[in-house]
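Written out below as structure tokens is the structure these notes cover.
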Amino acid sequence: MSLAVTLSRAQEGVAAPQVVVEVHLSGGLPSTSIVGLPEAAVREARDRVRVAIQNTAFEYPNRRVTVNLAPAELPKDGGRFDLAIALGILAAGSQVPRERLDDCEFLGELALSGELRAVPGILPALIRARRSGRRIVVPRANAAEAALIGEGDVLLADSLAEVCAWLSGQADLAGPESADFYSMPSCGPDMLDIRGQLQARRALEIAAAGGHHLLLIGPPGTGKTMLAERLPGILPPMTESEALESCAIRSLSGEDIDPRCWRRRPFRAPHHTASGVALVGGGSSPRPGEISLAHNGVLFLDELPEFSRHVLEVLREPLESGRIVISRAARQSTFPAEFQLVAAMNPCPCGYAGDPLHECRCTPDQVQRYRGRISGPLLDRIDLCVEVPRVPIADLAAARGPHDDDSATVRQRVIAAREKALLRAGQANAELSVVNLERDCALPHAEREWLQTSLDKLGASARAYHRILRVARTIADLEGGTGCVEQGHLAEALHYRRF
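For the sequence shown, full-length UniProt numbering begins at 1 and goes up steadily by one.
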């Protein structure tokens with residue numbers, strides 16, 4: 001039989017759709033053609049594959065070779081299909097057996113010597129192959145990412161010759177090494193480093209417990225960046241599926257993955273000169289941006305008003321939907337973007353408005369224009385806004401107080417509060433739908449009347465009303481007690497809003 005079929009995976013966002021590689025040998029003048037919407041790198045595979053097969057002591061068919069990559073409407077790019085194409089040609093010519101081709105997938109770029117080179121962005125393909133119940137053969141150079149999947153599902157090879165020997169039953173392929181350090185969390189900055197700032201520490205704990213977005217406002221040098229950097233350390237640990245999804249996005253962006261801290265929540269802090277494409281992703285072949293690289297973690301925007309107004313406005317939809325859809329003429333890619341936004345800003349252009357030790361040199365118009373760079377709809381999506389005042393030098397030098405808990409202690413309280421929310425609604429409080437919000441935050445008549453009167457005086461929107469209820473629900477979970485949302489919880493949640 002002169003027809004053989006192998007399986008591989010394309011790269012399309014985090015989807016990694018399956019590609020069926022069909023190889024047919026027929027009579028006619030010797031030639032090789034690849035069809036199925038291949039990009040330039042895939043079309044060039046015919047030369048790489050031919051020389052690699054010849055240098056591996058196999059015979060390249062002296063016939064007409066037709067390679068079809070299905071589905072035909074899916075664009076294919078890169079050298080990831082080289083190994084699957086080579087094995088299909090060898091199997092169609094009966095030079096290797098076909099028995100193991102049906103339940104296995106193959107990814108790898110071939111060197112002219114037959115060696116296998118690493119494939120960028122391979123982790124999404126590994127995850128999808130495991131979910132489909134098939135093993136996948138990848139280059140040994142991708143062992144670090146393959147180790148995150150576990151033993152048994154991934155096989156490593158150094159060359160085309162090794163894979164052919166395995167298909168023929170003459171040798172075995174080893175899987176990636178699995179060691180305990182692959183699941184060890186990485187230590188980050190500790191909350192003990194922060195002195196004073198009790199209100200900001202409290203807001204940080206509420207944000208972590210409920211998954212709420214946070215804005216820190218204060219003069220330069222008051223600890224806004226220190227607070228933001230310690231948020232990942234008090235968040236609940238990621239599940240294996242969340243960690244793999246976050247690592248898959250990093251793999252697509254070409255970043256190295258350290259197996260020792262692969263379960264640590266990401267923390268991304270782009271500079272305020274970043275463009276909209278850098279923030280949300282894009283390009284002719286769409287790649288993830290900073291909001292996707294912060295998936296399941298924290299996106300920190302320091303000097304928020306210094307970001308371009310257009311760049312900030314592109315955050316509005318991902319903040320609500322938790323994903324970003326990038327459309328281009330040839331393709332469309334969807335990347336997850338469920339992140340916690342932590343932003344920091346000065347109260348005015350010079351940074352010293354309200355500072356008792358420095359005189360503010362800004363006019364009221366300058367302050368208004370500065371704060372006006374952040375649109376109302378974006379501010380409306382931020383649940384917690386906290387003032388971060390200057391800490392007296394005496395407090396910095398003083399011994400730690402009873403409220404200066406370390407990150408491990410705060411994290412235990414956060415985990416306990418988050419577990420209450422998950423048991424009650426199956427999601428964090430910041431993600432509660434309106435229906436679940438009415439059920440889980442039902443207020444007695446007196447509390448409802450008090451909240452309505454307060455919000456009417458402040459001119460709050462419907463979104464602000466729902467966000468205050470979500471924050472109050474989180475505060476109630478942290479407080480324990482009866483578990484009901486009380487007026488004190490509502491008052492604290494209202495205190496964190498800016499209208």
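Glycine included, C-beta positions come from ideal geometry on N, C-alpha and C.
As the structure is a prediction and not an experimental result, all values here were calculated from the model.
{"Query": "Glu-342 - DSSP class collapsed to helix/strand/coil", "Result": "It is worth fixing the name first, because residue 342 is Val in this sequence and not Glu. If DSSP states are grouped into helix, strand and coil, Val-342 belongs with the strands."}
{"Query": "Contacts around Gln-18, its chain only, beta-carbon distance under 7 Å, and the 5 residues preceding and following it disregarded", "Result": "Leu-7, Arg-9"}
{"Query": "Pick from Cys-484, Arg-470, Gly-483, Ala-16 that is closest to residue 503, judged by C-alpha positions", "Result": "Nothing about residue 503 can be read from this structure; the chain reaches only from 1 to 499."}
{"Query": "For Ile-34, the residue or residues it bridges with in DSSP", "Result": "Val-67"}
{"Query": "Euclidean distance between Cα positions of Ala-144 and Gly-211", "Result": "31 Å"}
{"Query": "Minimum C-alpha distance to Ile-374 - residue among Pro-392, Ala-344, Ala-209", "Result": "Ala-344"}
{"Query": "Residue of Glu-387, Pro-176, Leu-341 minimising C-alpha distance to Arg-140", "Result": "Pro-176"}
{"Query": "Between the CA atoms of Val-277 and Gly-289 - distance to the nearest angstrom", "Result": "7 Å"}
{"Query": "Where the beta strand (DSSP E) containing Cys-247 begins and where it ends", "Result": "Here Cys-247 belongs to no beta strand (DSSP E); instead the alpha helix (DSSP H) covers 240 to 252."}
{"Query": "Backbone secondary structure at Ile-206 - three-state DSSP", "Result": "helix"}
{"Query": "Contact check, Leu-235 vs Val-414, beta carbons under 9 Å", "Result": "yes"}
{"Query": "Rounded C-alpha distance that separates Lys-224 from Val-388", "Result": "7 Å"}
{"Query": "Coarse secondary structure for Glu-115, derived from DSSP in three states", "Result": "strand"}
{"Query": "Complete alpha helix (DSSP H) runs within the region 39 to 101 (minimum length 4 residues, chain order)", "Result": "40 to 43, 45 to 54, 82 to 92"}
{"Query": "Where His-489 falls, given that 16 or more other Cβ within 10 Å makes a residue buried", "Result": "buried"}
{"Query": "From Glu-338, Arg-131, Gly-169, residue whose alpha carbon lies closest to that of Val-154", "Result": "Arg-131"}
{"Query": "Spatial distance of Gly-152 from Ala-146 (CA atoms)", "Result": "11 Å"}
{"Query": "Stretch pair the region 253 to 270 + the region 192 to 203: three plus CB contacts closer than 8 Å", "Result": "no"}
{"Query": "Phe-307 beta carbon less than 9 Å from that of Leu-299", "Result": "no"}
{"Query": "Thr-6, DSSP secondary structure in three states", "Result": "strand"}
{"Query": "Same chain only: Cβ atoms within 8 Å of Ser-53, ignoring 5 sequence neighbours per side", "Result": "Just to set this straight, residue 53 is Ile in the shown sequence, not Ser. So the qualifying residues of the chain are Glu-59, Tyr-60, Ala-86, Ile-89, Leu-90, Gly-114, Leu-160."}
{"Query": "Opposing strand residues paired with Arg-287 [DSSP bridges]", "Result": "Gly-282"}
{"Query": "Backbone secondary structure at Pro-259 - three-state DSSP", "Result": "helix"}
{"Query": "Cβ neighbours of Arg-100 in the same chain (closer than 8 Å, five flanking residues each side left out)", "Result": "Trp-166, Leu-167"}
{"Query": "Those runs of the alpha helix (DSSP H) which lie wholly inside the region 358 to 389 and span at least 4 residues", "Result": "364 to 371, 376 to 380"}
{"Query": "Residues bridged to Ala-157 [DSSP beta-bridge criterion]", "Result": "Pro-139"}
{"Query": "Start and end residues, beta strand (DSSP E) containing Pro-336", "Result": "332 to 336"}
{"Query": "Ala-41 vs Leu-478 beta-carbon contact at 9 Å", "Result": "no"}
{"Query": "Simplified DSSP assignment, three categories, for Glu-303", "Result": "coil"}
{"Query": "Of the listed residues Arg-80, Arg-361, Arg-50, Ser-26, nearest to Ala-16 (C-alpha basis)", "Result": "Arg-80"}
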